[in-house]
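In this note's numbering, the protein residues as written are 333 to 520.
Ideal placement from N, C-alpha and C gives every residue a C-beta, glycine not left out.
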Amino acid sequence: MYSQDSIDLLANSGLQFQKHEEEGIDTLHFAELLMTSGVVLCDNVKWLSFHSGYDFGYMVKLLTDSRLPEEEHEFFHILNLFFPSIYDVKYLMKSCKNLKGGLQEVADQLDLQRIGRQHQAGSDSLLTGMAFFRMKEMMNFPRQIMLPRPRCSQHGDLSAVLLASSLSSQEVVELSSGGGVLGRPRSD
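Written as structure tokens, this is what we have:
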């Protein structure tokens, strides 16, 4: 299942689907590298994102090599295990009364200059970080932001995510075997 409009947007932004299909990174290899990198299952790593519910859903699916849980509370339990601290700029915008729209619109409202092409990971990531820190200056965010548990909309949008860890660092997740290519979801 995918949105043709989203596929067209990514293709027009320079994403080469065929090249990813032929030369992409095996999903299990990527998951293994991510697991051993020190950036997941780590309380002191802060994840900064923009409207990232589907991105984190994909990452959870990748790291567990299984279907996403059907129950919302099970999903958030697993999400919180892998990514204990997530700051979603789209959600934090609710604290800034006049900020609205997508990443580029927010950047324009904050007088931020994009570096690189829109919808490219590096450019979008840098702009997300710049927006977060500009908003932090404007709003004087507390050192530790605590928000209510996010809810899923009827479309499954999990973007309102900021979780504080309630799990010990000793909890371990074991990956099972499988295959696939990063950028092309496996069919289960």
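Taking only three categories from DSSP, how would you classify residue i?
{"i": "D443", "result": "coil"}
{"i": "D337", "result": "helix"}
{"i": "D375", "result": "coil"}
{"i": "D397", "result": "coil"}
{"i": "A496", "result": "Only weak support is given to the placement of A496: the predicted model assigns it a pLDDT of 25, under 50, and the value that follows is read from those uncertain coordinates. Looking at A496 - three-state DSSP - the assignment turns out to be coil, as it is neither helix nor strand."}
{"i": "K429", "result": "coil"}
Tell me which residue opens and which closes the beta strand (DSSP E) that residue i is part of.
{"i": "D420", "result": "418-420"}
According to DSSP, what are the bridge partners of residue i?
{"i": "S381", "result": "D420"}
Can you tell me the Cα-Cα spacing of residue i and residue j, whole angstroms?
{"i": "S427", "j": "L360", "result": "38 Å"}
{"i": "R466", "j": "G370", "result": "27 Å"}
{"i": "Y334", "j": "S345", "result": "17 Å"}
{"i": "Q436", "j": "F414", "result": "28 Å"}
Below 8 Å on the Cβ atoms is my contact criterion, and I expect residue i with residue j to pass it. Report the Cβ-Cβ distance as a whole number of Å.
{"i": "L444", "j": "M462", "result": "5 Å"}
{"i": "D420", "j": "S381", "result": "5 Å"}
Can you give me the start and stop residues for the alpha helix (DSSP H) that residue i sits inside?
{"i": "Q350", "result": "349-355"}
{"i": "G433", "result": "That residue, G433, is in no alpha helix (DSSP H); it is neither H nor E in DSSP."}
{"i": "H405", "result": "404-414"}
{"i": "M467", "result": "453-471"}
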